[in-house]
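What follows is a set of notes on a single structure, which appears directly below.
Numbering (my numbering), first residue to last: 146 to 384.
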């Protein structure tokens, strides 16, 4: 019998670790670089190298909407809500799931994030909410909108930073200043609620809210696996 040559071993294919992020899109916008990454089953948004949010949990983003609605005066029908920051879409989805909300307006300054929801991978999260006839998207800077708009909302649910003490861009700091909080106050209907997401509690921000004329200032916490809890700062415009 003639000898046979042993087959050469097949080249092994690289295996992607579930913990290794994969960049899906990277764009340079007016406020710097924004990146959409996929890590295992989840998506992440990075702005100027700063982690903003991912799709691994979302409890505190949903709480932002829930506590705002629960804080409104009893009997208020079809309340309007402005959501500051589209992010991964959890807050928008939560608002659209609740039939009691009337108009739902989302302000997002990054066109890339809007595109990832309308035409990209994040559509699987927010597609139904974006198709809701109550929903509208404004591609503009939140701070400029609060300063120049004339319409009022029953609730402002703001999540554009990691909190008042940890902003994504330096210009965002003006939102939490006395002037920025005055604009928030002006954009609310009497009895309206301001809800601000933060990755950590901020007693200084609570004091700033009181100094800006808000009442009923309080903080709702959501425990996380490690470290300090995520929180939602709440404040009411007097009726």
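By construction, the Cβ of each residue, glycine as well, lies at the ideal position given by its N, Cα and C atoms.
In this chain, the beta strand (DSSP E) harbouring residue 196 covers 195-199. For residue 343, the pairing in a beta bridge is given by DSSP as 376. Contact annotation: residue 249 and residue 212 have beta-carbon atoms that are not nearer than 7 Å. The bridge partners DSSP lists for residue 282 are 251. No Cβ-Cβ contact shorter than 7 Å links residue 340 with residue 360. Using a C-beta cut-off of 8 Å, the region 304-319 makes no contact with the region 275-282, since fewer than three inter-stretch Cβ pairs fall below that distance.
In the three-state reduction of the DSSP assignment, residue 211 falls in the helix class. Between residue 203 and residue 235, the CB-CB gap stays under 7 Å. Beta-bridge annotation (DSSP): residue 183 is paired with 167, 188. Pairing residue 362 with residue 349 gives a Cβ-Cβ distance that is not under 7 Å.
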